[in-house]
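**Student:** In our numbering, the protein residues as written are 173 to 512.
Positions of the beta carbon are idealized from the N, C-alpha and C atoms, including for glycine.
Just so it is clear, the structure is predicted and the values come from calculations on it, not from any experiment.
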Ligand code: 6MZ
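What follows is the structure, given as structure tokens:
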């Protein structure tokens with residue numbers, strides 16, 4: 173585990189409200205409800221998917237309710253954003269693309285929600301220079317088209333003020349009963365402003381939707397579990413990177429086991445692929461742990477792990493200058509390790 177912690181890491185698929193540790197949940201509960209709130213401990217259990225528990229993807233989405241309640245005020249949202257960045261930095265993540273869905277709450281407008289997250293990222297990044305953080309504001313498919321339009325308009329407005337942080341958009345959330353083509357029309361507006369697209373793609377079986385997402389021009393593939401046949405060939409030809417979230421997929425039962433995870437096939441097949449945590453709080457993992465699973469389960473060696481992270485630099489939405497700096501970090505790291 174020591175090696176996996178030490179290796180500089182890049183995280184490209186992490187949802188803010190899914191990335192709250194037990195400690196952060198407790199602290200947020202104390203801020204919002206006071207230290208003696210008896211409900212807190214029980215709800216933390218609700219938020220986590222514990223080992224051995226087997227849920228469907230639909231059931232997994234229920235888990236976020238708890239975090240959403242705790243982060244519905246500016247104070248707690250800023251606290252949560254800070255804590256998540258600190259946790260990634262403590263795991264030696266040197267570059268993070270965080271995602272979150274702007275929400276109107278009892279205490280905040282969507283704009284306040286997003287600027288709270290953005291301002292916190294700016295502040296924390298100055299305090300922790302070892303990590304570079306970007307934001308991909310999300311559209312939650314389950315919230316419908318009007319919310320999606322609002323989010324895109326807001327992001328287009330704010331990306332002028334925060335061009336160094338907002339790099340793209342994410343399409344996520346429970347997809348059931350929705351159609352990508354409706355969201356694609358809305359997302360085009362953000363895409364034509366130069367924002368990159370990181371769509372959840374192929375998280376469930378729907379070849380036509382995956383094809384539509386490729387035609388739309390997704391820059392990365394979130395999960396990509398059910399991509400096959402012609403679509404898989406298109407992904408290979410275009411070199412569209414897959415964001416693989418091992419533990420997330422196992423715990424949400426979209427893959428049957430680590431062994432059966434599509435990462436192995438993609439890695440062996442020379443696809444562009446990276447490893448991500450998705451929701452490290454809910455799934456009780458870290459990026460270091462996900463990398464150690466790659467060695468244990470798929471036989472990657474330590475050089476492969478470094479290569480995997482170095483490859484990931486090219487899949488980020490960072491500027492060329494930032495990518496160069498990341499390369500330097502890896503070159504420095506490689507000079508410090510000796511393989512036997
Ligand atoms: C699709 C997911 C997800 O935005 O409130 N989210 N969407 N598939 C997944 N795989 C398990 N995990 C998380 O973070 C929580 C939100 O991220 C999306 C869902 O919309 C969830 O409500 P934010 O910060």
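(1) Please report the straight-line C-alpha distance between residue 579 and residue 257, rounded to a whole angstrom.
(2) Hey, residue 416 and residue 448 are a contact pair by Cβ (cut 8 Å); roughly how many whole angstroms apart?
(3) Could you pull out every residue in the same chain whose Cβ sits closer than 8 Å to the Cβ of residue 499, ignoring the five residues on either side in sequence?
(4) With C-beta atoms as the reference, is residue 282 less than 8 Å away from residue 306?
(5) Less than 7 Å between the CB of residue 201 and some heavy atom of ligand 1, yes or no?
(6) Measuring CB to CB, does residue 413 end up less than 8 Å from residue 382?
(7) Which ranges does the alpha helix (DSSP H) cover as unbroken runs of at least 4 residues, wholly within the segment 373-423, from first to last along the chain?
(8) Report yes if the C-beta distance between residue 337 and residue 300 is below 8 Å; otherwise report no.
(9) Do you know whose CA, among 431, 418 and 478, lies nearest residue 461's CA?
(10) Would you check whether ligand 1 has a heavy atom nearer than 7 Å to the C-beta of residue 236?
(11) Where DSSP assigns a beta bridge to residue 368, which residues make up the other side?
(12) Expressed to the nearest angstrom, what Euclidean distance is found between the alpha-carbon atoms of residue 215 and residue 405?
(13) What residue ranges within the segment 443-491 form continuous beta strand (DSSP E) runs of no fewer than 3 residues, ordered along the chain?
(14) Shorter than 7 Å, the distance from the beta carbon of residue 420 to the closest heavy atom of ligand 1, or not?
(15) Just the Cα atoms here: how many angstroms apart are residue 390 and residue 434?
(16) Do residue 375 and ligand 1 come close, with the Cβ less than 7 Å from some heavy atom?
(17) Would you kindly check if the distance between the Cβ of residue 346 and the Cβ of residue 220 is under 8 Å?
(18) How long is the line joining the alpha carbons of residue 248 and residue 201, rounded to whole angstroms?
(19) Would residue 269 count as contacting chain C if we go by Cβ distances under 8 Å?
(20) Buried or exposed for residue 313, please, with buried defined as at least 16 other CB atoms from any protein chain shown within 10 angstroms of its CB.
(21) Residue 183: buried (16+ other C-beta within 10 angstroms of its C-beta) or exposed?
(22) DSSP on residue 361, reduced to helix/strand/coil?
(23) Just grab the DSSP bridge partners of residue 271 for me.
(24) Taking 7 Å as the cut-off, does the CB of residue 433 come closer than this to any heavy atom belonging to ligand 1?
(25) Using a threshold of 8 Å, state whether the C-beta atoms of residue 317 and residue 358 are closer than that.
(26) Give the DSSP-derived three-state secondary structure of residue 289 in the structure shown.
(27) In the DSSP assignment, what are the bridge partners of residue 181?
(28) Compute every distance between the C-beta of residue 310 and the non-hydrogen atoms of ligand 1, then say whether any falls below 7 Å.
(29) Within the same chain, show all residues whose beta-carbon is closer than 8 Å to that of residue 206, passing over the 5 residues directly before and after it, in chain order.
(30) Throw me the rounded Cβ distance for the residue 304 and residue 297 pair, which I believe falls under 8 Å.
(31) Using 8 Å as the Cβ pair cut-off and three pairs as the minimum, do the segment 429-444 and the segment 467-476 touch?
(32) Helix, strand or coil, according to DSSP, for residue 317 in the structure here?
(33) By the DSSP assignment, the alpha helix (DSSP H) with residue 205 in it spans what residues?
(34) Which word fits residue 309, buried or exposed, when buried means at least 16 other C-beta atoms lie within 10 angstroms of its C-beta?
**Tutor:** The relevant details are as follows:
(1) Residue 579 lies beyond the range of the chain shown here (173 to 512); nothing can be said about it.
(2) Here the question's residue 416 lines up with position 244 in the chain shown. Here the question's residue 448 lines up with position 276 in the chain shown. Residue 416 to residue 448, Cβ: 7 Å. Contact.
(3) Position 327 of the chain shown, counted from the first residue, corresponds to residue 499. Within the same chain, residue 499 has close Cβ partners 482 and 485.
(4) Position 110 of the chain shown holds residue 282. Position 134 of the chain shown holds residue 306. It is not a contact, given that the beta carbons lie outside the stated cut-off.
(5) Counting from one through the chain shown, the residue named residue 201 turns up at place 29. No - ligand 1 has no heavy atom lying nearer than 7 Å to the Cβ of residue 201.
(6) The residue given as residue 413 occupies position 241 in the chain shown. The residue given as residue 382 occupies position 210 in the chain shown. Between residue 413 and residue 382, the C-beta gap is not smaller than 8 Å, which leaves the two residues out of contact.
(7) 379-388, 401-410 and 418-423
(8) In the chain shown, residue 337 corresponds to position 165, counting from 1. In the chain shown, residue 300 corresponds to position 128, counting from 1. Taking 8 Å as the Cβ cut-off, residue 337 and residue 300 do not qualify as a contacting pair.
(9) Working through the chain shown from its first residue, we reach residue 461 at position 289. Of 431, 418 and 478, the residue nearest in Cα terms is 418.
(10) The residue labelled residue 236 in the question sits at position 64 within the chain shown. Yes, the beta carbon of residue 236 sits closer than 7 Å to at least one heavy atom of ligand 1.
(11) To locate residue 368, count along the chain shown from 1; it is residue 196. Under DSSP, residue 368 shares a beta bridge with 340.
(12) For this step, residue 215 is matched to residue 43 along the chain shown. For this step, residue 405 is matched to residue 233 along the chain shown. So the alpha carbons of these two residues sit roughly 43 Å apart.
(13) 445-447
(14) On the chain shown, residue 420 is found 248 positions in, with the first residue counted as 1. Judged by the Cβ position, residue 420 qualifies as a neighbour of ligand 1 at the 7 Å threshold, a heavy atom of the ligand being closer than this.
(15) Translated into the one-based positions of the chain shown, residue 390 becomes position 218. Translated into the one-based positions of the chain shown, residue 434 becomes position 262. Taking C-alpha positions only, residue 390 is separated from residue 434 by approximately 19 Å.
(16) Locating residue 375 in the chain shown gives position 203, counting from the first residue. Yes, since a heavy atom of ligand 1 falls inside the 7 Å radius drawn around the Cβ of residue 375.
(17) For this step, residue 220 is matched to residue 48 along the chain shown. For this step, residue 346 is matched to residue 174 along the chain shown. Their beta carbons are not under 8 Å apart, which means residue 220 does not touch residue 346 by this criterion.
(18) Looking up residue 248 in the chain shown gives position 76. Looking up residue 201 in the chain shown gives position 29. If I take the Cα positions, the gap works out to 9 Å.
(19) The chain labelled as chain C is not found in the depicted structure, where only one protein chain is given.
(20) Counted from its first residue, the chain shown places residue 313 at position 141. Per the 10 Å Cβ criterion, buried.
(21) Here residue 183 is taken as the residue at index 11 of the chain shown, counted from 1. That one is buried.
(22) Along the chain shown, read from residue 1 onward, the residue named residue 361 stands at position 189. Helix, per DSSP.
(23) Along the chain shown, one-based indexing puts residue 271 at 99. Paired residues: 187 and 308.
(24) Reading the chain shown from its first residue, position 261 is the one you call residue 433. Residue 433 Cβ: outside cutoff for every heavy atom of ligand 1.
(25) Taking the chain shown and counting its residues from 1, the one referred to as residue 317 is at position 145. Taking the chain shown and counting its residues from 1, the one referred to as residue 358 is at position 186. Taking 8 Å as the Cβ cut-off, residue 317 and residue 358 qualify as a contacting pair.
(26) In the chain shown, the residue the question calls residue 289 occupies position 117. In the displayed model, residue 289 falls within a helix according to three-state DSSP.
(27) The count along the chain shown starts at 1 and reaches residue 181 at position 9. In the DSSP output, where bridge partners are listed per residue, residue 181 has 265.
(28) Residue mapping note: residue 310 aligns to position 138 of the chain shown, counting from 1. Yes.
(29) Translated into the one-based positions of the chain shown, residue 206 becomes position 34. Nothing meets the Cβ criterion.
(30) Reading the chain shown from its first residue, position 132 is the one you call residue 304. Reading the chain shown from its first residue, position 125 is the one you call residue 297. 7 Å between Cβ atoms; contact.
(31) yes
(32) Indexing the chain shown from 1 puts residue 317 at position 145. Three-state result, residue 317: helix.
(33) Here residue 205 corresponds to residue number 33 of the chain shown, with the count starting at 1. First-last of the alpha helix (DSSP H) with residue 205: 194-205.
(34) Indexing the chain shown from 1 puts residue 309 at position 137. Buried, since its Cβ has 16 or more Cβ neighbours within 10 Å.
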